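K.L.:
One structure, as structure tokens, below. Some questions next.
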Amino acid sequence: MVSERDRRQVTIVGAGLAGALLAILLSRQGWQVTLYERRGDPRIKGYERGRSINLALAERGRNALRAADAEAAVMAKAVMMRGRMIHALDGSRELQRYGRDDSEVIWSVHRADLNIILLDLAERAGAAIHFYRRLHTVDFDAGYARFIDDRDDQPHDIRFSSLIGADGAGSALRAAMQRRAPFGETSEFLDHSYKELEIPPAAGGGFLIEPNALHIWPRGRYMCIALPNDEGTFTVTLFLPNSSDDGTPSFASINSGKDAHALFARDFPDALPLIPRLKQDWEEHPPGLLGTLYLERWHLSRRAVLLGDAAHAMVPFHGQGMNCAFEDSVALARLMQKHDDLADAFAAFEAERKPDALAIQQMALENYIEMRDRVDDPDFLLQRQLERELQQRHPTRFVPHYTMVTFMLTPYATALQRSEVQREILVEATAGRSTLDGLDWQALERVVHERLPPLEGAG
Ligand code: FAD
Ligand code: E0Q
């Protein structure tokens, strides 16, 4: 038995998604884990019983939850989404399936439910969680960190040997690390923001629109989406430019609940009657910013490392930020077990995950254009038809982009590289065509064999 004093100790900042999952994994590996979280305990009744914000959970996230024995509890509250339900301006709808059948679907989960399940498991695994502790400043040389309780502004100082930053896109640990050494941070804000709204349950309970889909209202330069919640509601998110000079609706031109109502009446007429609190929600909910955060380095020797949004925040258009953060947690726990010196573990983590984070950041940006402007475009639909056909003919080689990202554990960087090759093949083969009739399938087979080696896990 190792004595309490000899156990390896680590301090995690942020008990959100990545932090709580990492705490479970490390505690089970014998680490003595202490978590500090800015907010209050979401398990305490009445705590910020506010809006239900949901997230799409895909295979990478499920795989990580499995490693923490959290998957069954999460899936019990998840709503299946088979594909995108595209809502045209004339009110017609069409389901674009994400995968080949119901084994290839994604899941809508409540952020709060997910967080509560993970916090419970972390505590049960032996982690200590301190709420109302906002990281404020760090003395890396002395190993002291100061946290503030925002209820009374009182400081709380602690000693640490290593800090792990799971404190999200606005990471205070990242800021503290950069006061010590340059980290090459750049952030690129999108010139679009988002607003969250809600569709309530039907009068007799149940869902007002198809529950098993991710609804999208693509409108060219902007769009609306809705994800189901298990209690019969949907969380609606409107993505709009911040400003525009060509008459496109924007956060600069939509100034009030009344303006928002008029926008919905014109551009989302089938959604309008589903959102009875549109005007109030518009005026009460602040718009959210969207951006990508790039860092050249993620760690400071053995003293500190960043993961999840703190290291590589991305735009949400692929629904992969949480999935990627969970994948980070599993990788970091594995590398901290493998290396005796945490400096080596953190360096290995950075080397392993940075190329993948960059790849999904890029794919997430590209998916915004695809979602708002391409999903109802005939060329795009023909390319997707060919993609399906080539997958059927060459299932181990031609694996659709969405499938690699969402239903497989293929490293994101590999998925990006293969997607680029595949897109070239699709664009070239469908150029100038309106159907797949008369395609030279033998020539296509040669190209596929030449350019796409078999992919691990495909078939
Ligand atoms: P967070 O979940 O942000 O957790 C950070 C935690 O740290 C929080 O609990 C916070 O209170 C705490 N904290 C912050 N500062 C401090 C401090 N100074 N001291 C102590 N604690 C602190 N991802 C998906 O996979 N699927 C989706 O469908 C999806 N949809 C999205 C939609 C939108 C509109 C947005 C904005 C994001 C979406 N994401 C989605 C991304 C996802 O929300 C993030 O990638 C994910 O939450 C990152 O997890 P994290 O643990 O790194 O950070
Ligand atoms: C998913 C699931 C916020 C958000 C979350 C998502 C997705 C989208 C569009 C958005 C991407 C897709 N997608 O449908 O291709 O798969 O999570 Cl906007």
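Mind the numbering: the sequence shown is residues 3 to 461 in the numbering used here, read in order.
Think of the CB as a built atom: it goes at the ideal place given N, C-alpha and C, for glycine as much as any other residue.
Values in this document were obtained by computation on a predicted structure and should not be read as measured data.
In or out: Val12 buried (at least 16 other Cβ within 10 Å) or exposed?
P.N.:
Position 10 of the sequence shown, counted from the first residue, corresponds to residue 12. Flag for Val12 reads buried.
K.L.:
With respect to the alpha helix (DSSP H) encompassing Phe382, which residues constitute its N-terminal and C-terminal limits?
P.N.:
Position 380 of the sequence shown, counting from 1, holds the residue named residue 382. Run containing Phe382: 380-395, per the alpha helix (DSSP H) assignment.
K.L.:
Following the continuous alpha helix (DSSP H) through Met324, name the residue where it begins and the one where it ends.
P.N.:
Against the sequence shown, residue 324 aligns to sequence position 322. Residues 323-340.
K.L.:
Looking at Cys326 and the ligand FAD, is the gap between the Cβ and the nearest heavy atom below 8 Å?
P.N.:
Residue 326 sits at position 324 when you count from the first residue of the sequence shown. The answer is yes for Cys326.
K.L.:
Check the C-beta distance from Pro397 over to Ala460 and give it rounded, since I have them as a contact under 8 Å.
P.N.:
What you label residue 397 is simply residue 395 of the sequence shown in a count that begins at 1. What you label residue 460 is simply residue 458 of the sequence shown in a count that begins at 1. Under the criterion of beta carbons closer than 8 Å, Pro397 and Ala460 qualify as touching, at roughly 6 Å.
K.L.:
In the DSSP assignment, what are the bridge partners of Arg86?
P.N.:
For this step, residue 86 is matched to residue 84 along the sequence shown. Paired residues: Gln98, Leu216.
K.L.:
Between the Cα of Arg268 and those of Gly145, Ala312, Trp219, spot the shortest distance and give me the residue it belongs to.
P.N.:
Here residue 268 refers to the residue found at position 266 of the sequence shown. The shortest C-alpha separation from Arg268 is found at Trp219.
K.L.:
Indicate the three-state DSSP secondary structure (helix, strand or coil) for Ile371 in the structure shown.
P.N.:
Walking along the sequence shown from the start, residue 371 turns up at place 369. It is helical.
K.L.:
Where DSSP assigns a beta bridge to Lys197, which residues make up the other side?
P.N.:
Sequence index remark: in the sequence shown, residue 197 carries index 195 (1-based). Beta-bridge annotation (DSSP): Lys197 is paired with Leu240.
K.L.:
So does the region 82-93 actually touch the region 205-216, counting three or more Cβ pairs closer than 8 Å?
P.N.:
yes
K.L.:
Which class does Val401 belong to by DSSP, given the choice of helix, strand or coil?
P.N.:
In the sequence shown, counting from the first residue as 1, residue 401 sits at position 399. Reduced to three states, the DSSP call for Val401 is coil.
K.L.:
Would the C-beta of Asp141 count as close to the ligand FAD, meaning under 8 Å from any of its heavy atoms?
P.N.:
On the sequence shown, position 139 is the one that residue 141 refers to. Because no heavy atom of the ligand FAD lies under 8 Å away, the Cβ of Asp141 does not count as near it: no.
K.L.:
Would you check whether the ligand FAD has a heavy atom nearer than 8 Å to the C-beta of Asn244?
P.N.:
Taking the first residue of the sequence shown as position 1, residue 244 is located at position 242. Answer for Asn244: no, Cβ out of range of the ligand FAD.
K.L.:
Report the residue from Glu298, Asp115, Asp104 whose alpha carbon sits nearest the alpha carbon of Ala75.
P.N.:
Here residue 75 refers to the residue found at position 73 when the sequence shown is read from its first residue. The alpha carbon of Ala75 has as its nearest neighbour, out of Glu298, Asp115, Asp104, the alpha carbon of Asp115.
K.L.:
Among Gly434, Leu280, His301, which one has its Cα closest to the Cα of Ala177?
P.N.:
Locating residue 177 in the sequence shown gives position 175, counting from the first residue. Closest by alpha carbon: His301.
K.L.:
Tell me whether Tyr38 is buried or exposed, calling it buried when 16 or more other Cβ atoms sit within 10 Å of its Cβ.
P.N.:
For the purposes of this step, residue 38 is taken as residue 36 along the sequence shown, with counting starting at 1. It counts as buried.
K.L.:
Mark Gln394 as exposed unless 16 or more other C-beta atoms lie within 10 angstroms of its C-beta, in which case mark it buried.
P.N.:
By 1-based counting over the sequence shown, the position of residue 394 is 392. With fewer than 16 other beta carbons inside 10 angstroms of its own, Gln394 counts as exposed.
K.L.:
Could I get the ranges of all uninterrupted beta strand (DSSP E) runs contained in the region 105-141, with 3 residues as the minimum, in chain order?
P.N.:
108-112, 130-132, 136-141
K.L.:
Is the closest heavy atom of the ligand FAD to the C-beta of Leu297 under 8 Å?
P.N.:
Stepping through the sequence shown from its first residue, residue 297 is reached at position 295. Leu297 Cβ: outside cutoff for every heavy atom of the ligand FAD.
K.L.:
Excluding the 5 residues preceding and the 5 following Asn65 in the sequence, name in chain order all residues of the same chain whose CB lies nearer than 7 Å to its CB.
P.N.:
Looking up residue 65 in the sequence shown gives position 63. Here the set comprises Leu411.
K.L.:
What residues in its chain sit with their C-beta under 6 Å from that of His132, if we drop five residues either side in the sequence?
P.N.:
Within the sequence shown, residue 132 is the residue found at index 130, counting from 1. These residues qualify, in order along the chain: Tyr38.
K.L.:
Determine whether the beta carbon atoms of Thr408 and Ala60 lie at a separation below 9 Å.
P.N.:
As a first step, residue 408 must be located in the sequence shown, where it is residue number 406. As a first step, residue 60 must be located in the sequence shown, where it is residue number 58. It is a contact, given that the beta carbons lie within the stated cut-off.
K.L.:
Could you tell me which residues DSSP puts in a beta bridge with Ile14?
P.N.:
One-based indexing of the sequence shown puts residue 14 at position 12. Note: Ile14 sits in a beta bridge opposite Leu37, Ile166.
K.L.:
Which residue wins for smallest C-alpha separation from Pro456, given the options Ala353, Leu418, Arg399?
P.N.:
Here residue 456 refers to the residue found at position 454 when the sequence shown is read from its first residue. Of Ala353, Leu418, Arg399, the residue nearest in Cα terms is Arg399.
K.L.:
So Tyr414 and Asp358 are supposed to be a Cβ contact under 8 Å. How far apart are they, rounded?
P.N.:
For this step, residue 414 is matched to residue 412 along the sequence shown. For this step, residue 358 is matched to residue 356 along the sequence shown. About 4 Å separates the two Cβ atoms, so the contact holds.
K.L.:
Give me the Cα-Cα distance between Arg95 and Ile201, rounded to the nearest whole angstrom.
P.N.:
Numbered from its first residue, the sequence shown carries residue 95 at position 93. Numbered from its first residue, the sequence shown carries residue 201 at position 199. Approximately 18 Å between the Cα atoms of the pair.
K.L.:
Closer than 8 Å: is that where the CB of Arg9 sits relative to any heavy atom of the ligand FAD?
P.N.:
Working through the sequence shown from its first residue, we reach residue 9 at position 7. Every heavy atom of the ligand FAD is 8 Å or more from the Cβ of Arg9, so no.
K.L.:
From this set, Gln31, Leu24, Gly18, which residue's C-alpha is nearest Arg10's C-alpha?
P.N.:
Position 8 of the sequence shown holds residue 10. Answer by Cα proximity: Gln31.
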